[in-house]
Amino acid sequence: MSLADRVAAALELGSVLVSCLLFAGTFLLLSSGAPTGRGDPWLALIGVGTAFVLVWTVVVPLYERTL
1315 MSLADRVAAA LELGSVLVSC LLFAGTFLLL SSGAPTGRGD PWLALIGVGT AFVLVWTVVV
1375 PLYERTL
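The sequence shown runs 1315 to 1381 under the numbering used here.
This is the structure in structure tokens:
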């Protein structure tokens, strides 16, 4: 198995894990009600989702171009 295959497998498995955590986190936060005050848990969830999207739209294409 080459390095590129290992990186691709890690990205795919990490994506599944992050997607499941975002899904569960959203329902957990929804069950606790609307955010009050600063809403730090909601901001953290949005930050993780944003980072996840940036990895797939910026980092992965750049990595594929260097192969």
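From the three backbone atoms N, C-alpha and C, an ideal C-beta is built for every residue, glycine too.
Under 7 Å between the Cβ atoms of A1318 and L1376?
-> no
First through last residue of the alpha helix (DSSP H) which encompasses S1329 = L1317 to S1345
DSSP state of A1348, grouped into three classes?
-> Of the three classes helix, strand and coil, the one that applies to A1348 here is coil, per DSSP.
With respect to the alpha helix (DSSP H) encompassing V1374, which residues constitute its N-terminal and C-terminal limits?
-> V1374 to T1380
Does DSSP classify G1361 as helix, strand or coil?
-> Note: G1361 maps to helix in three-state DSSP.
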